[in-house]
Amino acid sequence: MSEAIRIETPLTQEKVKGLKAGDNVLISGVIYTGRDAAHKIMIEAIEHDVDLPFSMKDQIIYFVGPTPAKEDQVIGSAGPTTSGRMDAYSPKLIAEGLTGMIGKGLRSPEVIEAMKKHGAIYFGAIGGAGALIAKRIVSAEVIAYPELGPEAVRRLVVKDFPVIVIIDHEGNNLYDIGKAQYKRA
Amino acid sequence: MKEILVEEIVSAVEKLCIGANYDLGSDIMTGFQKALKEERSPIGIEVLERLIENAEIAHAERVPMCQDTGMAVLFVEIGQDLHVVGGGLTEAINEGVRRGYDLGYLRKSVVKDPFERVNTGDNTPAVIHYDIVPGDSLHLVVAPKGFGSENMGGLKMCKPSEGLEGAMQFVVDTVERAGGNPCPPIIVGVGVGGTMEKATFLAKKSLLRKVGNHNQEERLAKIEEELLDRVNRLGIGPQGFGGVTTALAVNVEVYPTHIAGMPVAVNIGCHATRHIEITLQGRVI
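Taken in order, these protein sequences are the chains called A and B. Here the working numbering is used: position 153 in the first sequence is 153, and no number is missing along the way. Start counting at 1 in the second sequence, then tack on 185, and there's your number in the working numbering.
What follows is the structure in structure tokens.
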């Protein structure tokens, strides 16, 4: 696999434009979590002009609902959830300035269009590798919607968090590229 | 006639819920190793290596291998000569799930109502399939099911004229549509025949079979091999990033059906298709 590219958050437009589908990336810095229910509330907040839990500009959101942490852990098992369930919400957050999403699985044409228009990246983390991924999370703090339990919005500090660029800002898609390369009649 | 106390059932279910989420089956680990030798995609190889490492960390550090610790699905075989004492069997199983998900630091992912979506807070109720069998023991299988893969399943009420090829094409199409969503390499469970709910039950139950074990009927074993080859030719690969390892196994189970129909169900299991079992013996009254 290609040599890992290290990036620090915030994920500015300059950094977005430097990454392409298939790149192996290690992310360090602050990222935020959110999944189904949190996304629904955040979209309602935008529609009603209420403040979001964090400013979306140049930020990365990780679609995850971790297991509870044991006493000596920062966070429990923390692999990505299926991103497609966030497709209904992601274009609005991208329009608010969100530049990175981490998840797994396919995205809708509407999300990809928003990514191309505003400049955003869809990263893949390894689905199901929650025990391994948790080791790269340095700290975790619930910052909004604690009532949602595993779906609450958390502020994570990560160090060398391993991801792969699935869809880049030009819409190049590793799912299509990789599949075409290994498809046999 | 023998009897078994509900406390024993509660305790067994509690341990099985935890064990299933911490310890990946050795058959799947062997499947990963075999796939590593065959995989050609560099990203695919990297993914397989990380999945092995992840399962090793979960086992050694006693943490869940995946954050989706699933809805608890149980397959229960109760001997017709066994008497459960001290409470109800279903409540005992749910109490075991409640305790296991709490003590094991497992994620509670169950919502009380599919529309209102308020978390029950204890991962109950479980989905329980009962089967009454001869004998006087209680066989429990706990199979936590994550919904990244569960959401990708499908059912087609095929016409008899579609035949074997129609059924196989539906399986391949379902896997292709799922792409990277269900966390490949996957286990594909296929149930054909019966009624619509019987087919989906068989598809789910077939996921309990060990990777590498084929259907004992040679005709069906051949169909499994052909389906595995066809889904691995799709190119989806580990995590959908491209490669020759899309599935580790395709398991097919069939049941007699009606002259007018051919239900075909596909239940996809992720690379962490978890299941663990125990047989509890009753005591003589």
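C-beta atoms are modelled at their ideal positions from N, C-alpha and C, and glycine is treated no differently.
Whose C-beta lies closer than 7 Å to the C-beta of glutamate 409 of chain B among residues of the same chain, with five residues either side of it excluded?
What you label residue 409 of chain B is simply residue 224 of the second sequence in a count that begins at 1. Same-chain partners within the cutoff: His399, Asn400, Val435, Asn436 and Val437.
Looking at valine 111 of chain A and glycine 34 of chain A, is the spacing between their C-beta atoms short of 9 Å?
Here residue 34 of chain A refers to the residue found at position 34 when the first sequence is read from its first residue. Here residue 111 of chain A refers to the residue found at position 111 when the first sequence is read from its first residue. Against a cut-off of 9 Å, the Cβ pair of valine 111 of chain A and glycine 34 of chain A comes out as no contact.
C-alpha gap between proline 329 of chain B and glutamate 8 of chain A, whole angstroms
Here residue 329 of chain B refers to the residue found at position 144 when the second sequence is read from its first residue. Here residue 8 of chain A refers to the residue found at position 8 when the first sequence is read from its first residue. Roughly 37 Å between the two C-alpha positions.
Could you spell out where the beta strand (DSSP E) holding cysteine 343 of chain B opens and where it closes?
The residue given as residue 343 of chain B occupies position 158 in the second sequence. Note, cysteine 343 of chain B: beta strand (DSSP E), 339-343.
Where does alanine 32 of chain A sit, in a helix, a strand or coil, going by DSSP?
The residue given as residue 32 of chain A occupies position 32 in the first sequence. Correcting the residue identity first, residue 32 of chain A is tyrosine in this sequence and not alanine. Reduced to three states, the DSSP call for tyrosine 32 of chain A is strand.
Three-state secondary structure (DSSP) of serine 346 of chain B
Locating residue 346 of chain B in the second sequence gives position 161, where the first residue counts as 1. Helix at serine 346 of chain B.
Rounded to a whole number of angstroms, what is the C-alpha to C-alpha distance between valine 295 of chain B and threonine 67 of chain A?
Sequence index remark: in the second sequence, residue 295 of chain B carries index 110 (1-based). Sequence index remark: in the first sequence, residue 67 of chain A carries index 67 (1-based). Taking the straight line from one Cα to the other gives about 13 Å.
Compare the C-beta of glutamate 199 of chain B with all C-beta atoms of chain A and state if any pair is closer than 9 Å.
Residue mapping note: residue 199 of chain B aligns to position 14 of the second sequence, counting from 1. By this cut-off, glutamate 199 of chain B is not an interface position.
Counting pairs of beta carbons, one from the region 281-297 of chain B and one from the region 225-245 of chain B, are three or more of them closer than 8 Å?
no
Cutoff 8 Å; reference alanine 457 of chain B; Cβ partners in own chain excluding five residues on either side:
Counting from one through the second sequence, the residue named residue 457 of chain B turns up at place 272. So the qualifying residues of the chain are Leu209, Ile213, Ala240, Met250, Cys251, Gly331 and Cys368.
Would you say valine 469 of chain B and valine 416 of chain B are within 9 Å of each other, going by their C-beta atoms?
Position 284 of the second sequence, counted from the start, is the residue given in the question as residue 469 of chain B. Position 231 of the second sequence, counted from the start, is the residue given in the question as residue 416 of chain B. In this structure, valine 416 of chain B does not lie closer than 9 Å to valine 469 of chain B by Cβ.
Quick one, which of B/Glu234, B/Ile189, B/Thr431 and B/Val327 has its alpha-carbon nearest histidine 460 of chain B's?
Within the second sequence, the letter at position 275 stands for residue 460 of chain B. The shortest Cα separation from histidine 460 of chain B among B/Glu234, B/Ile189, B/Thr431 and B/Val327 belongs to B/Val327.
What residues of chain B sit near arginine 35 of chain A, judged by a beta carbon separation below 7 Å?
Along the first sequence, read from residue 1 onward, the residue named residue 35 of chain A stands at position 35. Going along chain B, no residue has its Cβ under 7 Å from arginine 35 of chain A, so there is no contact; the nearest lies around 10 Å.
Using 10 angstroms around the beta-carbon of lysine 70 of chain A, count the other beta-carbons present and answer buried if the total reaches 16, otherwise exposed.
Numbered from 1 along the first sequence, position 70 holds the residue referred to as residue 70 of chain A. That one is exposed.
Among A/Asp23, A/Glu14 and A/Lys179, whose alpha-carbon lies nearest the alpha-carbon of glutamate 3 of chain A?
For the purposes of this step, residue 3 of chain A is identified with residue 3 of the first sequence, where counting begins at 1. The shortest Cα separation from glutamate 3 of chain A among A/Asp23, A/Glu14 and A/Lys179 belongs to A/Asp23.
Can you name the start and end residues of the beta strand (DSSP E) that glutamine 466 of chain B belongs to?
Here residue 466 of chain B refers to the residue found at position 281 of the second sequence. It spans 461-466 - the beta strand (DSSP E) in which glutamine 466 of chain B sits, taken as one unbroken run.
Against cysteine 251 of chain B, what residues of chain A qualify as contacts under a CB-to-CB distance less than 9 Å, listed in chain order?
As a first step, residue 251 of chain B must be located in the second sequence, where it is residue number 66. Near cysteine 251 of chain B (Cβ distances below 9 Å), the residues of chain A are Thr67, Ser77, Gly79, Gly127, Gly128, Ala129, Gly130 and Ala131.
Based on Cα-Cα distance, which residue from B/Ile421, B/Ala384, B/Thr359 and B/Arg394 lies nearest to tyrosine 182 of chain A?
Within the first sequence, residue 182 of chain A is the residue found at index 182, counting from 1. It is B/Ile421.
At 9 Å on the CB atoms, spell out the chain B contacts of proline 150 of chain A, in chain order.
Taking the first sequence and counting its residues from 1, the one referred to as residue 150 of chain A is at position 150. Near proline 150 of chain A (Cβ distances below 9 Å), the residues of chain B are Gln252, Arg292, Lys293, Ser294 and Asn304.
What does alanine 180 of chain A touch in chain B if you count any residue whose Cβ is under 9 Å from its own?
Counted from its first residue, the first sequence places residue 180 of chain A at position 180. Within chain B, the residues near alanine 180 of chain A are Gly420 and Gly427.
Any C-beta of chain A sitting closer than 9 Å to the C-beta of valine 469 of chain B?
Numbered from 1 along the second sequence, position 284 holds the residue referred to as residue 469 of chain B. Not an interface residue.
Proximal residues of chain A, C-beta to C-beta of valine 176 of chain B below 9 Å
Missing from the structure shown is residue 176 of chain B; chain B here goes from 186 to 470 and no further.
In chain A, which residues lie with their C-beta within 7 Å of the C-beta of alanine 243 of chain B?
Residue 243 of chain B sits at position 58 when you count from the first residue of the second sequence. The answer, in chain order, is Ala131.
Reduced DSSP secondary structure (H/G/I, E/B, other) of methionine 447 of chain B
Here residue 447 of chain B is taken as the residue at index 262 of the second sequence, counted from 1. Strand.
Please list, in chain order, all residues of the same chain as threonine 275 of chain B whose beta carbon is under 7 Å from its beta carbon, the five residues on each side excluded.
Residue 275 of chain B sits at position 90 when you count from the first residue of the second sequence. Once the five neighbours on either side are set aside, the close Cβ partners of threonine 275 of chain B are Ile313.
Among B/Gln265, B/Val449 and B/Thr380, the one whose alpha carbon lies nearest that of aspartate 321 of chain B
Taking the second sequence and counting its residues from 1, one reaches residue 321 of chain B at position 136. Nearest option by C-alpha distance: B/Gln265.
So lysine 293 of chain B packs on asparagine 304 of chain B, CB below 8 Å; how close in whole Å?
Walking along the second sequence from the start, residue 293 of chain B turns up at place 108. Walking along the second sequence from the start, residue 304 of chain B turns up at place 119. Rounded, the Cβ-Cβ distance is 6 Å, consistent with contact.
What's the call for isoleucine 189 of chain B, buried or exposed, on a 16-neighbour Cβ count within 10 Å?
One-based indexing of the second sequence puts residue 189 of chain B at position 4. It counts as buried.
Whole angstroms is fine: what's the gap from glutamine 466 of chain B's alpha carbon to arginine 247 of chain B's?
For the purposes of this step, residue 466 of chain B is taken as the residue at position 281 of the second sequence. For the purposes of this step, residue 247 of chain B is taken as the residue at position 62 of the second sequence. If I take the Cα positions, the gap works out to 28 Å.
Any chain B beta carbon closer than 9 Å to leucine 93 of chain A:
In the first sequence, residue 93 of chain A corresponds to position 93, counting from 1. Chain B contact via Cβ: absent.
Check whether the Cβ of arginine 184 of chain A lies closer than 9 Å to any Cβ atom in chain B.
Locating residue 184 of chain A in the first sequence gives position 184, counting from the first residue. For arginine 184 of chain A, the answer is yes, since a Cβ of chain B falls inside 9 Å of its Cβ.
Collapsed DSSP secondary structure at threonine 215 of chain B in the structure displayed
Numbered from 1 along the second sequence, position 30 holds the residue referred to as residue 215 of chain B. If DSSP states are grouped into helix, strand and coil, threonine 215 of chain B belongs with the helices.
Just to confirm before moving on: does the CB-CB distance between isoleucine 242 of chain B and lysine 104 of chain A stay below 9 Å?
Against the second sequence, residue 242 of chain B aligns to sequence position 57. Against the first sequence, residue 104 of chain A aligns to sequence position 104. No, the pair does not count as a contact, with Cβ atoms beyond the cut-off.
In terms of alpha-carbon separation, which member of A/Lys15, A/Val16, A/Leu11 and A/His39 lies closest to leucine 148 of chain A?
Residue mapping note: residue 148 of chain A aligns to position 148 of the first sequence, counting from 1. For the residues A/Lys15, A/Val16, A/Leu11 and A/His39, the minimum Cα distance to leucine 148 of chain A belongs to A/His39.
Residue range of the beta strand (DSSP E) that tyrosine 218 of chain A falls in?
The structure shown has nothing for residue 218 of chain A, since chain A only spans 1 to 185.
Mark serine 139 of chain A as exposed unless 16 or more other C-beta atoms lie within 10 angstroms of its C-beta, in which case mark it buried.
Here residue 139 of chain A refers to the residue found at position 139 when the first sequence is read from its first residue. Classification of serine 139 of chain A: exposed, given that the 10 Å Cβ count is below 16.
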